[in-house]
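Take a look at the structure below.
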Amino acid sequence: MLGIWLSVILLTLYILYSYITRVKYNAPGPSNWPVFGCLFQLESSRLHFSFDRWAKKFGPLMLCKMGSTNVYVISCPRVIKKAFAEKGYSDILNDRPDTFLAKYIMDDSKGVIFGKYGPTFIRLRKIMYNGLKMYGVGVQQFESMAHKELERVIQSISDLGEKDFDPKPILSRSLANLIGILLTGSMVDESDADLIWKYNNSFNDTFEMSTEVMLYTFPFLRFMPVEMGRRYRRLMGAKKELLDKFYFLHKKTYVPGCERGLIDALFNLQSQDKSGGNTQWLTDSQIKAFIQDIIVAGLLTTRNGLLCILLVLLHHHECVDRMYEEIVDVVGLERTPSLKDKPSMPYTEALILEVLRYVTHAPLGVPHGAMEDVELEGYKIPKGSKIITNIWTAHHDPAIWGDPWVFRPDRFLDDNGELLPPEHTLRQSLVTFGTGKRVCVGENLAKSRIFLYLTTLIQKFDLRLPKGGTVPSDDPRAFLPGALLRPQDYMMRLTVR
């Protein structure tokens with residue numbers, strides 16, 4: 000009898016201990032269904048809306064169980080910086096988790112964006128950073144290339160006269176040319192540009208976060224006659240066409256030692272390992288994933304950013320006038336704006352920062368993964384968990400921004416009209432491109448292209464509403480969902496100054 004009572008007491012103590020431990024270490028979050036977790040409670044096409052609503056209830060770090068996966072959502076810039084940039088956390092939380100996208104689209108996590116953290120990732124990231132040429136003489140090479148492309152853009156717009164036009168096709172073709180030159184050494188023709196954007200658009204339509212979670216939890220859905228299955232199959236078809244052109248055909252014409260562009264540079268590295276008798280670390284799968292990384296990260300974000308800026312400026316013409324005044328004062332009208340002008344153009348820089356904050360067209364970033372158990376903000380994050388940066392809430396928190404749904408570039412300027420320093424609280428709260436070891440490798444490239452395109456267009460043209468007088472709302476809450484948010488298509492006019 001004594002043994003039975005002792006067992007009951009020990010069991011009770013164990014249950015109490017487990018409950019206390021669970022309360023202490025498990026982050027708060029929404030309730031869960033067996034197998035599905037909180038999937039039925041999500042706004043499937045606008046996951047950032049659900050996370051924003053829950054963040055107000057559960058705080059800056061919450062646990063959302065999605066299917067069989069523990070997903071920790073961080074909604075506060077301070078905690079985002081702590082998790083991914085602070086010593087003691089950055090070595091643990093900067094992996095990439097297993098995802099459907101990484102496994103089935105990005106050649107089993109072989110690239111940079113979705114690659115597992117380790118020596119191979121570090122080498123690939125360095126190659127990508129060097130290839131993007133955003134330092135030293137590479138900056139001048141990039142700027143020269145961008146200026147030549149912008150001359151074609153200006154001529155295309157000038158040929159329209161004062162007709163209404165959709166800016167998306169012109170920007171799409173122009174940005175595809177820049178990527179083509181970067182990858183292959185030459186501009187793309189119309190069919191190649193179509194291939195690039197077919198892949199990009201299919202990627203954006205397929206991989207919003209909720210679709211990723213459903214396909215990861217139930218991968219058989221990719222074969223089923225349901226919409227997410229059809230989208231997956233369209234994306235795989237677009238991927239095959241893209242790689243047939245930019246990998247297989249390019250490899251057939253590759254001459255060892257020659258370097259027409261970044262793809263040839265990768266082939267050269269691969270051949271050096273083979274000829275030197277070294278263990279080959281750069282595989283065909285890694286090169287394929289690398290090409291996809293460049294095409295997705297180098298195009299979608301910049302085009303969306305430019306389309307968002309132009310739409311916002313159509314709603315705020317007073318900002319166009321202030322930008323033009325600054326361009327005239329700093330650059331004049333005789334030469335084209337240069338990246339060297341950026342430090343002297345605080346209002347333009349503040350406007351770009353404010354669009355990146357206000358729109359937040361990548362509302363949830365790219366998931367991180369925990370390589371070990373770690374305690375963050377008093378809660379345990381187990382090894383293998385996914386961590387999502389809720390950039391949407393971080394950029395629209397009234398406690399930080401005061402009036403987050405007001406477009407106000409001056410928030411990034413001090414009383415003297417100068418750009419706030421990088422260490423200022425508001426600049427530190429802007430996490431558009433991530434932070435730490437996984438910060439977007441193309442951040443400088445994206446910001447530089449946006450600056451050059453925007454300042455050149457404003458210098459040459461005045462932005463005007465279409466003749467109908469209306470454009471879609473610039474409120475990002477009304478934007479179309481996808482891997483990246485995007486505004487509805489719109490028409491505009493650019494009149495020569």
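Heads up: the sequence shown begins at 0 in numbering that gives the first Met the number 0, then just goes up one per residue. A virtual CB, placed ideally from N, CA and C, is assigned to each residue, including glycine. None of these values were measured; they are calculated from a predicted model.
Endpoints, the alpha helix (DSSP H) within which residue i is located
i: F460; result: Careful: F460 lies outside any alpha helix (DSSP H), inside the beta strand (DSSP E) at F460 to R463.
i: R77; result: P76 to A84
i: R172; result: P166 to T183
i: Y231; result: E226 to L242
i: T494; result: Where T494 is concerned, there is no enclosing alpha helix (DSSP H), although the beta strand (DSSP E) it sits in stretches over R492 to V495.
i: I473; result: The sequence given here places Asp at residue 473; Ile does not occur at that position. First-last for D473: undefined, no H or E at that position.
Pair within 8 Å by beta-carbon distance, residue i and residue j
i: S201; j: S43; result: no
i: L131; j: G468; result: no
i: L170; j: R302; result: yes
i: G110; j: A288; result: yes
i: A482; j: E207; result: yes
i: Y88; j: K81; result: yes
i: K385; j: T68; result: yes
i: V373; j: C307; result: no
Cβ-based neighbour list, residue i, same chain, cut-off 7 Å, excluding 5 preceding and 5 following
i: L32; result: One detail in the question is off: residue 32 reads as Trp in this sequence, not Leu. Same-chain partners within the cutoff: F39.
i: I326; result: P336, T454, I457 and Q458
i: T20; result: Only weak support is given to the placement of T20: the predicted model assigns it a pLDDT of 44, under 50, and the question is left unresolved by the model.
i: R555; result: With the chain running from 0 to 496 in the structure shown, residue 555 is simply not present.
Same chain only: Cβ atoms within 6 Å of residue i, ignoring 5 sequence neighbours per side
i: A26; result: L60, M61, L62 and Y378
i: M344; result: E325 and V329
i: F99; result: E211, L214 and Y215
i: G304; result: I449
i: A500; result: Given that the chain is displayed from residue 0 to residue 496, the structure contains no residue 500 and the question cannot be resolved.
Buried versus exposed call for residue i [16 or more other C-beta atoms within 10 Å across all chains shown]
i: E317; result: exposed
i: M127; result: buried
i: S447; result: buried
i: L181; result: buried
i: Y13; result: Note that Y13 scores a pLDDT of 48, beneath 50, so its modelled location is shaky and nothing firm can be said.
i: E348; result: buried
i: R485; result: buried
i: W280; result: exposed
i: S17; result: Legend: pLDDT at S17 = 45, less than 50; position of this residue unreliable, value from coordinates given subsequently. Exposed, because fewer than 16 other Cβ atoms sit within 10 Å of the Cβ of S17.
i: N389; result: buried
i: F478; result: buried
i: L93; result: Note that residue 93 corresponds to Asn in the displayed sequence, not to Leu. Flag for N93 reads buried.
Element boundaries [beta strand (DSSP E), containing residue i]
i: E324; result: From DSSP, E324 is part of no beta strand (DSSP E) but of the alpha helix (DSSP H) over H316 to V329.
i: K385; result: K385 to T388
i: M61; result: L60 to M65
i: L281; result: Segment: none, L281 is in no beta strand (DSSP E) and carries neither H nor E.
i: K379; result: Y378 to I380
i: N415; result: Careful: N415 lies outside any beta strand (DSSP E) and carries neither H nor E.
i: E374; result: V373 to L375
i: I73; result: T68 to I73
Spatial neighbours of residue i in its chain, beta-carbon cut-off 8 Å, leaving aside the 5 residues before and after
i: V22; result: Its pLDDT being 41, under 50, V22 is placed unreliably in this model, and the coordinates cannot settle the point.
i: I286; result: Y246, I262, L265, F266 and Q269
i: P420; result: R426
i: V470; result: L310, L313, H314, L464, Y489, M490 and M491
i: E240; result: L194, K197 and Y198
i: D51; result: S74, N389, W391, T392 and H395
Decide if the region 33-40 is in contact with the region 347-364; the criterion is three or more beta carbon pairs, one per stretch, under 8 Å apart.
-> no
Between the region 155-163 and the region 485-495, do three or more beta carbon pairs fall short of 8 Å?
-> yes
Kindly confirm or deny that the region 117-133 and the region 423-434 touch, where touching means at least three C-beta pairs closer than 8 Å.
-> no
Indicate whether the contact test is met: 3 or more Cβ pairs, each with one atom in the region 361-371 and one in the region 405-417, closer than 8 Å.
-> no
Just checking, does the region 134-153 make contact with the region 262-272 on the three C-beta pairs under 8 Å criterion?
-> no
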